[in-house]
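Undergrad:
Numbering (full-length UniProt numbering), first residue to last: 1 to 488.
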């Protein structure tokens with residue numbers, strides 16, 4: 001299968017250094033789709049096993065859940081979110097497109113720039129700062145145990161942030177190599193830390209004491225729903241860039257196997273470590289602080305330090321990488337490299353705020369307000385209206401099938417706003433992120449089918465695409481955008 005982009009200079013108008021990934025919002029040529037399921041899995045597992053999510057799991061225990069209730073809550077939240085995530089990841093596998101460009105089929109060319117892309121930039125930069133702060137606090141705790149001195153938080157956090165940003169600037173290949181190195185290392189270290197927790201001489205750390213507490217602590221739905229909603233909301237914020245991780249994948253099978261295996265395994269590891277430490281310590285939600293307090297072995301503390309660094313490095317590289325692609329979808333002339341540089345500077349500045357770790361549930365509630373309805377309309381439109389078929393050249397063409405009304409699909413915008421308002425009034429017990437996603441998706445499908453009878457624009461957008469790739473026209477965005485003036 002030929003592709004007019006099969007060359008080594010896909011974006012000649014980008015002014016960025018040689019040696020970094022040159023692809024931005026362009027479709028990846030078929031001959032470059034060589035990534036197998038294990039590389040996808042390594043990236044996502046590394047993304048899931050991180051200090052922030054371990055803190056979240058510990059926080060669920062500190063909020064009143066038993067060990068097994070907290071583990072089940074985190075696992076269920078990840079599976080729900082990654083089910084939705086994997087659906088949208090097929091846009092990357094099939095068409096080589098970044099997720100933010102894929103959202104143009106639903107929101108319109110301009111709508112995609114200013115709704116899902118803007119939201120993802122905000123979310124990913126926050127996540128970068130949150131993970132950096134959580135990791136910096138862990139590093140400080142370990143070094144305090146090793147040296148007896150408490151290092152300056154700002155210094156540790158900024159240096160840590162800069163080191164993480166460096167890999168994201170290079171691009172996808174550097175992310176893949178880092179994931180291959182980090183994955184086996186993190187698995188070995190996880191086994192070591194779980195063993196240390198289980199064999200500590202305090203009887204409260206014994207497996208029987210930790211796992212047996214379920215007999216005395218009821219599973220409270222109100223607490224489960226709160227943390228389930230927080231986890232789902234956190235990972236639904238990734239749905240608009242699901243394609244970014246998978247657009248170099250060789251096949252859908254590689255994507256599905258790599259993604260879902262990673263989601264389950266990563267969630268179990270994260271939840272087990274965070275929950276075990278929290279239960280054993282009597283409510284300390286920082287597993288790394290717990291380990292640092294129960295041992296004075298310099299070698300073990302050094303391993304904890306290595307674990308924290310690898311955890312943060314692997315997740316925050318992806319946060320910045322996907323945020324850079326989202327920003328390029330908004331301001332295409334930046335290029336992926338310079339977009340990532342700018343967002344890295346903002347993320348580094350936010351990493352100076354240690355209070356970020358205390359605002360997780362509040363921020364995730366806001367993100368759920370926004371991303372749950374976005375996910376609902378994206379999935380409904382892509383699966384049922386577009387039937388998983390995209391005409392690639394039209395994604396970059398003014399007055400094309402995805403132009404809708406002046407670049408905006410106002411039906412999608414309306415349902416996103418309606419979903420946001422619905423989320424605000426739903427009780428925590430209803431798990432608003434899930435309820436909102438399903439309700440908005442169903443509502444969008446119903447109204448889209450009714451309005452398509454009277455709206456030529458909707459009929460055009462949803463008209464069948466007979467081939468997977470649009471081979472008759474160039475897929476490079478610059479050729480079509482220059483021709484049509486689609487974006488200024």
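From the three backbone atoms N, C-alpha and C, an ideal C-beta is built for every residue, glycine too.
Could you tell me the alpha carbon to alpha carbon distance between residue 52 and residue 308, rounded to whole angstroms?
TA: Residue 52 and residue 308: Cα-Cα distance of roughly 10 Å.
Undergrad: Out of curiosity, what's the CA-to-CA distance linking residue 274 and residue 189?
TA: Roughly 14 Å between the two C-alpha positions.
Undergrad: So is residue 340 buried or exposed if we call it buried at 16+ other beta carbons inside 10 Å?
TA: Residue 340 is buried by the Cβ-count criterion.
Undergrad: Taking the straight line between their C-alpha atoms, what separation do you get for residue 183 and residue 264?
TA: Distance between the alpha carbons of residue 183 and residue 264 is about 15 Å.
Undergrad: Measuring alpha carbon to alpha carbon, tell me which of 40, 30, 79, 138 ends up nearest residue 55.
TA: Taking only the C-alpha atoms, the option nearest residue 55 is 138.
Undergrad: Does the distance from the CB of residue 315 to the CB of residue 67 come in under 9 Å?
TA: Contact: no.
Undergrad: Is DSSP giving residue 425 helix, strand or coil here?
TA: Residue 425 falls in the helix class under three-state DSSP.
Undergrad: Buried or exposed for residue 224, going by 16 or more other Cβ atoms inside 10 Å?
TA: Buried, since its Cβ has 16 or more Cβ neighbours within 10 Å.
Undergrad: Using the three-state DSSP reduction, which class does residue 158 fall into: helix, strand or coil?
TA: Correct three-state label for residue 158: helix.
Undergrad: Taking residue 163 as the reference, give the member of 173, 338, 348 with the closest Cα.
TA: Selected option, being the one with the closest Cα: 348.
Undergrad: Counting C-beta neighbours from all protein chains within 10 Å, is the total for residue 120 16 or more, i.e. buried, or is it exposed?
TA: By the neighbour-count rule (16 or more Cβ atoms within 10 Å), residue 120 is buried.
Undergrad: Please name the residue, chosen from 76, 111, 29, that lies closest to residue 414 on a Cα-to-Cα basis.
TA: The shortest C-alpha separation from residue 414 is found at 111.
Undergrad: For residue 435 versus residue 422, is the C-beta spacing smaller than 9 Å?
TA: Cβ atoms of residue 435 and residue 422: closer than 9 Å.
Undergrad: Rounded to whole angstroms, what is the Cα-Cα separation between residue 133 and residue 175?
TA: If I take the Cα positions, the gap works out to 21 Å.
Undergrad: Please report the Cβ distance between residue 25 and residue 96, rounded to the nearest whole angstrom; I am assuming they are in contact, meaning their Cβ atoms lie under 8 Å.
TA: At roughly 11 Å, the Cβ-Cβ gap does not stay under 8 Å, so residue 25 and residue 96 are not in contact.
Undergrad: Assuming the contact rule is C-beta atoms closer than 8 Å, residue 108 and residue 404 should be a hit. Round their C-beta distance to whole Å, please.
TA: With 8 Å as the limit, residue 108 and residue 404 qualify as a contact, their Cβ atoms being about 4 Å apart.
Undergrad: List in chain order: all unbroken alpha helix (DSSP H) runs of 4+ residues lying wholly within the stretch 400-450.
TA: Here the runs fully enclosed are 410-425.
Undergrad: Whose CA, out of 379, 69, 300, 369, lies closest to the CA of residue 427?
TA: Answer by Cα proximity: 369.
Undergrad: Quick one, which of 337, 86, 115, 211 has its alpha-carbon nearest residue 69's?
TA: Looking at the Cα atoms, 211 is the closest of the given residues.
Undergrad: Taking the Cβ atom as the reference point for each residue, do residue 93 and residue 255 lie within a distance shorter than 9 Å?
TA: Yes, they are a contact pair.
Undergrad: Nearest-angstrom Cα distance between residue 228 and residue 74?
TA: Taking the straight line from one Cα to the other gives about 6 Å.
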